[in-house]
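Q:
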Amino acid sequence: MSSLPDRDEYRVKDFVNDLKKINPTPTIMYDIGSNLIYHEVCACKNSVGEGECVTAEMNELLQFMQTDYERDLLAGRLWRTRDTPRAAINKYMRDRPDEFLTHKLQTPNTKVKLILEDAARDRKREKEKLATFEKAVRKMAEESPKDPEVWNRLRLLLWLTGKHNEASAAFRTARKLGWNPETSTLVGI
Numbered sequence: 011m012s013s014l015p016d017r018d019e020y021r022v023k024d025f026v027n028d029l030k031k032i033n034p035t036p037t038i039m040y041d042i043g044s045n046l047i048y049h050e051v052c053a054c055k056n057s058v059g060e061g062e063c064v065t066a067e068m069n070e071l072l073q074f075m076q077t078d079y080e081r082d083l084l085a086g087r088l089w090r091t092r093d094t095p096r097a098a099i100n101k102y103m104r105d106r107p108d109e110f111l112t113h114k115l116q117t118p119n120t121k122v123k124l125i126l127e128d129a130a131r132d133r134k135r136e137k138e139k140l141a142t143f144e145k146a147v148r149k150m151a152e153e154s155p156k157d158p159e160v161w162n163r164l165r166l167l168l169w170l171t172g173k174h175n176e177a178s179a180a181f182r183t184a185r186k187l188g189w190n191p192e193t194s195t196l197v198g199i
């Protein structure tokens with residue numbers, strides 16, 4: 011992970027740029043959403059109003075961080091080699107209004123940076139932990155090479171550990187074997 015810059019203030023676009031440096035998994039995104047963006051939604055409701063553009067966009071960002079990002083991964087919408095966390099965030103942020111992108115976060119900049127640094131440390135520990143699971147699921151794939159659910163699990167673990175080329179290949183294998191998001195046994199990460 012690149013070190014995060016010191017900032018005098020955080021605008022939404024600054025926060026998102028620093029967030030992308032972490033390469034967050036759905037768990038990390040959920041935590042950041044809960045620890046920071048939820049409070050920003052409440053602050054927006056109080057300062058700019060409930061029906062305003064910035065408040066609505068902040069609410070949608072929270073929804074993306076706490077639900078949609080994980081749902082896209084589980085449903086197989088993030089499977090190509092280029093479908094990295096950074097790319098998923100960029101896709102979500104595309105076409106967001108300037109009013110939202112330039113909105114100054116109301117959380118103090120030191121706290122925003124602390125939340126992001128904690129998330130980066132959590133991400134590093136998470137990768138180490140997931141590497142152990144990856145080994146176990148690779149063994150399962152060797153033992154059950156025709157099981158699409160095993161290949162999908164492997165795909166998820168590879169994606170979560172940043173091995174996007176291998177994750178893409180595992181996804182193609184799972185699909186070839188009949189994996190379908192509607193019948194998948196995985197409902198969350």
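With the working numbering as the guide, the letters of the sequence shown map in order to residues 11 to 199.
Where is the CB? At the ideal position from N, CA and C, for every residue including glycine.
Every value quoted in this text rests on a predicted model; they were computed, and no experiment measured them.
1) Please work out which residues of its chain come closer than 7 Å, Cβ to Cβ, to aspartate 24, disregarding the five sequence neighbours upstream and downstream, and give them in chain order.
2) Following the continuous alpha helix (DSSP H) through methionine 39, name the residue where it begins and the one where it ends.
3) Since arginine 165 and alanine 184 should fall inside the 8 Å C-beta cutoff, what is the C-beta to C-beta distance between them, to a whole number of angstroms?
4) Report the option in Thr37, Leu170, Leu187, Lys149 whose CA atom is closest to the CA atom of leucine 88.
5) Just grab the DSSP bridge partners of lysine 114 for me.
6) Considering only residues of the same chain and omitting the five flanking positions on each side of phenylalanine 74, which have a CB-CB separation below 7 Å?
7) Would you mind working out which of Lys114, Arg104, Asp93 sits nearest valine 58, comparing C-alpha positions?
8) Determine, using beta carbons only, whether tyrosine 79 and alanine 66 come nearer to each other than 8 Å.
9) Determine the DSSP secondary structure at alanine 85, reduced to helix, strand or coil.
10) Which same chain residues end up closer than 6 Å to arginine 90 when comparing Cβ atoms and leaving out the 5 residues on each side of it in sequence?
11) Please report the straight-line C-alpha distance between aspartate 128 and isoleucine 42, rounded to a whole angstrom.
12) Please confirm whether phenylalanine 110 and cysteine 52 have their CB atoms less than 8 Å apart.
13) Whose C-alpha, out of Ala146, Lys121, Arg133, Glu153, is nearest the C-alpha of glutamate 19?
14) Looking only at its own chain, which residues have a Cβ that is under 8 Å from the Cβ of proline 191, when we skip the five neighbours before and after it?
A: Taking the definition as stated:
1) Arg17
2) 36-42
3) 6 Å
4) Leu170
5) Arg21
6) Tyr102
7) Lys114
8) no
9) coil
10) Ser178
11) 9 Å
12) no
13) Lys121
14) Leu84, Ala85, Gly86
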